Amino acid sequence: MELTIAMEKKPTFNNRFAEIDDLLNSMPDTQEDIIAELRSDIISKKYKMNPEKIVEKILWHGVHVLRMSERLF
């Protein structure tokens, strides 16, 4: 009676990177369903802008960019 044991290959960095790269390449560039819903809401005038939220995101993005630039220089 012969006993064979299958040894699984340990994933290497390159293999894992290739898997992640394939996964990312298979994803759509845009989220068509979200865009279609937003477009529909805008056309039907259901979409409401929240100026405070817009300002908050602009400021957060600006602070984030400044922090990143400080790390680079």
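Take 3 as the starting number for the sequence shown in my numbering and just add one per residue. Each residue gets a CB set at the ideal place from its N, CA and C atoms; glycine is no exception. Since the model is a prediction, treat every value here as computed from it, not as a measurement.
**Message:** Can you give me the C-alpha to C-alpha distance between I22 and P30, rounded to a whole angstrom?
**Reply:** Counting from 1 along the sequence shown, the entry for residue 22 is found at position 20. Counting from 1 along the sequence shown, the entry for residue 30 is found at position 28. Approximately 14 Å between the Cα atoms of the pair.
**Prompt:** Could you give the distance in angstroms between the alpha-carbon of L26 and the alpha-carbon of Q33?
**Reply:** Within the sequence shown, the letter at position 24 stands for residue 26. Within the sequence shown, the letter at position 31 stands for residue 33. Roughly 14 Å separates the two Cα atoms.
**Request:** With DSSP collapsed to three states, give me the class of P53.
**Result:** Along the sequence shown, one-based indexing puts residue 53 at 51. It is helical.
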